[in-house]
Amino acid sequence: MKAILVGFGFIGRSLVKTIRLKKNTLNLIDKEFKLVGVSDLDGYLYNEKGLSLEKLASINEIPEYSPNFLMEKSSLELIEKCDADIMIETTPTNIEDGKPGLTHMEKALSKGMHVVTSNKGPLVVEFKKLVNLSKEMGVEFKYEATVAGALPIFSLVNECLQGDEILRISGILNGTANYILSKMYFEGTSFELTLKEAQERGITESDPTYDIEGIDAACKVVILANAIMKRDVRFKDVKRVGIKRITPEAVNLAKQSGYVIKLIGTIDKNLEVAPKLIPETHPLCVHGTLNVLHLETDLAKVITIIGYGAGRETVSAMVNDIISVIKKRN
Amino acid sequence: MKLDLTLGLIDRPGQLIKALEPLAKNGGNIISIIHEREKVSSGYVPVSLVVDFPTIANFEKTKRELEDVSISVIKSEEIIEKANVSFILIGKLDVRKIVETETDKARIVNFESSAPTSKEACIRLNIEAPVEEINRIVAKLKEVAEEENAVLISSV
Ligand SMILES: NC(=O)c1ccc[n+]([C@@H]2O[C@H](COP(=O)([O-])OP(=O)(O)OC[C@H]3O[C@@H](n4cnc5c(N)ncnc54)[C@H](OP(=O)(O)O)[C@@H]3O)[C@@H](O)[C@H]2O)c1
């Protein structure tokens, strides 16, 4: 199979490095597996015989790869002209209108390409439309990395809990907010100071709004509700309270009675992101930048998965999605 | 509905079976039973039971049928299962307003406020209420907190 990568930022580059590292594993499944195109905002590279993974893994900007880099050509053109089977989409998340990812995905799916993505935006805005389009075209649409990074939540539910009814999903869906709350819990520091420290350590963006206002977590709630609970909900349907107003006194009062304050996303008949009191011994009580997902089902009763929800680890989910597509469709 | 019952049985063999028949017939699910033989008084043995009936009508029918076979129901009390939930409230609050939102069924069993070192006030509440009322009470508290622009943090 041939793949193109749209978006060559942190995740895109990490993925290229991982594909190179796991070349043998991938080639055992499909000896023809190749990356034939890469694009970012500035333009794209395309070679139907395959690009050099070694070279790609060693650069930060696409033009460094070759003088044949097509400046000012759009990713859409690459999707249109390529003869690849899979598009891997890793452009920035935009929850207003889903673009540019949404346009890329619609184009690729309509062309009969499978899509693997880490980009939440298009799924928050048009989940149903994209799923229907992929069904209509008879192609795979995989988005494991969009929720809780490396945690295999969709694979778990779709492969291992096929007979279970999922009654409720709750979880810590944002590592930055969890880092801040964990620090406040262990060190008794104020929200403002802890946020500043997180920013200095590069754990949060310079604009931390998405993390601390629960917006990022709410996007994941929307995707989980639509993908797992088969709902048809949008961002505005999620009730949302952030962590800005959590004070050291509140953390301490909670601690005195055996609780930890965590920002929890909940999907049952209600959709909510809000700070909650979690008993210290509850499986949802994980610290640092860890994410956790806790499922309540009719048969298995409870299942919890814990791991990294962002960072380099995210590519684990994307590589698994790529391998799943190859195994199913090659 | 769960009921805590005490029946008075004549101290004679076969009485217990006689008492259980109407219970079973009317859909009563016996959760526990204590036959207090050592407490026999004036020829009667008290039997304490916890029984889950589908409705109050089932219990009333059972009671009549027990009395028809000369078994008296000495005590019958509904058992209300209570849950204890913790909350933390952050912000400027009219605590009285919160207390007033409680129905007669809910009770504040613990209340603690922190030393006000931050600009925002903060309290911890523990409320005891019947299990089936909890969700309604949490929703009501959330509503008040929202009106007051306070943050309500409830337990999972
Ligand atoms: N970072 C994480 O840990 C993580 C975890 C899970 C999911 N995600 C999601 O994965 C996606 C990528 O994240 P990231 O951290 O890699 O972001 P990033 O570093 O900002 O990379 C985004 C890339 O997309 C490119 N891009 C922007 N507009 C484009 C367009 N119209 N056509 C083609 N490429 C375009 C950017 O190009 P330029 O460099 O030219 O601007 C850049 O190469 C996001 O949707 C994010 O939410 C990230």
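Chains G and V supply the protein sequences, listed in that same order.
Using the numbering used here, the letters of the first sequence map in sequence onto residues 1 to 330.
Using the numbering used here, the letters of the second sequence map in sequence onto residues 1001 to 1156.
Even for Gly, the Cβ is constructed at its ideal location relative to N, Cα and C.
Counting only heavy atoms of ligand 1, the residues whose C-beta sits closer than 6 Å to one of them are, along the chain, Val6(G), Gly7(G), Phe8(G), Gly9(G), Phe10(G), Ile11(G), Gly12(G), Ser39(G), Asp40(G), Leu41(G), Asp42(G), Ser75(G), Thr90(G), Thr91(G), Pro92(G), Thr93(G), Pro100(G), Ser118(G), Asn119(G), Lys120(G), Ala145(G), Gly149(G), Ala310(G), Gly311(G), Thr314(G). Here serine 1032(V) is actually not in contact with valine 1045(V); their C-beta atoms are around 17 Å apart, not less than 8 Å.
A distance of 9 Å or more separates the beta carbons of asparagine 1135(V) and asparagine 1110(V).
The C-beta of alanine 1139(V) has fewer than 16 other C-beta atoms within 10 Å across all chains shown, which makes the residue exposed.
Taking 9 Å as the Cβ-Cβ cut-off, the segment 76 to 93 of chain G has no residue approaching chain V. Taken in chain order, the members of the segment 249 to 262 of chain G whose beta-carbon sits within less than 8 Å of a beta-carbon on chain V are Glu249, Ala250, Asn252, Leu253, Ala254, Gln256, Ser257, Tyr259, Ile261. Annotated three-state conformation of proline 63(G) is helix, per DSSP. With respect to the 9 Å criterion, valine 147(G) and lysine 120(G) are classified as neighbours on the basis of their beta carbons.
Rounded to the nearest whole angstrom, the C-alpha separation of leucine 78(G) and phenylalanine 8(G) is 14 Å. Here isoleucine 261(G) is near isoleucine 243(G), since their CB atoms are less than 9 Å apart. Between isoleucine 62(G) and valine 38(G) a beta carbon distance of about 6 Å is seen, short of the 8 Å cut, so the two are scored as contacting. Within the DSSP bridge table, the entry for alanine 1057(V) names no partner.
Proximity of alanine 1083(V) to chain G, defined by a Cβ-Cβ separation below 9 Å, is not satisfied. In terms of Cβ geometry, glycine 175(G) and glycine 311(G) form a close pair [threshold 9 Å]. Counting C-beta pairs closer than 8 Å gives three or more between the segment 136 to 151 of chain G and the segment 279 to 297 of chain G, which meets the contact rule. Interface with chain V (9 Å Cβ-Cβ cutoff): valine 273(G) is excluded. Looking at the backbone, the Cα of isoleucine 1079(V) and that of lysine 1002(V) are separated by about 5 Å. Contact with chain G is found for threonine 1117(V), since one of that chain's Cβ atoms lies less than 9 Å from the residue's Cβ.
Residue range 86 to 89 is occupied by the beta strand (DSSP E) that includes methionine 87(G). For valine 241(G), the residues of chain V that pass the 7 Å Cβ criterion are Val1151, in the order they occur in the chain. Distance from valine 273(G) to alanine 217(G) at the Cβ level is roughly 5 Å; contact confirmed, criterion being Cβ atoms closer than 8 Å. In this structure, the CA atom of serine 1041(V) is about 28 Å from the CA atom of aspartate 1052(V). Looking at the DSSP output, alanine 1129(V) sits in a beta bridge with Ala1083(V). A distance below 6 Å between beta-carbons, with the five flanking residues on each side excluded, links leucine 133(G) to the following residues of its chain, in chain order: Leu109. At least one C-beta of chain V is nearer than 9 Å to the C-beta of serine 170(G). Residues of the segment 265 to 293 of chain G whose Cβ lies closer than 9 Å to any Cβ of chain V, in chain order: Thr266, Ala274, Pro275, Lys276, Leu277, Ile278, Pro279, His282, Leu284.
Note on methionine 318(G): 16 or more other CB atoms within 10 angstroms of its CB, so buried under the neighbour-count rule. Chain-ordered listing is empty here: chain G has no CB closer than 9 Å to the CB of isoleucine 1127(V), the nearest sitting near 13 Å. In this structure, the CA atom of lysine 31(G) is about 11 Å from the CA atom of isoleucine 326(G). Using a CB distance cut-off of 9 Å, threonine 189(G) does not count as an interface residue toward chain V. Leaving aside the five residues that flank cysteine 285(G) on each side, the residues in its chain whose CB is nearer than 6 Å to its CB run, in chain order, Val260, Ile278.
Here tyrosine 1044(V) carries a strand assignment [DSSP, helix/strand/coil]. Nearest C-alpha to serine 1155(V) among Lys1142(V), Ser1072(V), Val1047(V): Lys1142(V). Taking glutamate 80(G) as the centre and dropping the five residues before and after it, the same chain places the C-beta of Lys107, Lys111 closer than 8 Å to its C-beta, in chain order.
The segment 1013 to 1020 of chain V and the segment 172 to 190 of chain G do not touch, with fewer than 3 CB-CB distances between them shorter than 8 Å. Among the bridge pairs identified by DSSP, tyrosine 44(G) is matched with Ser39(G), Leu70(G).
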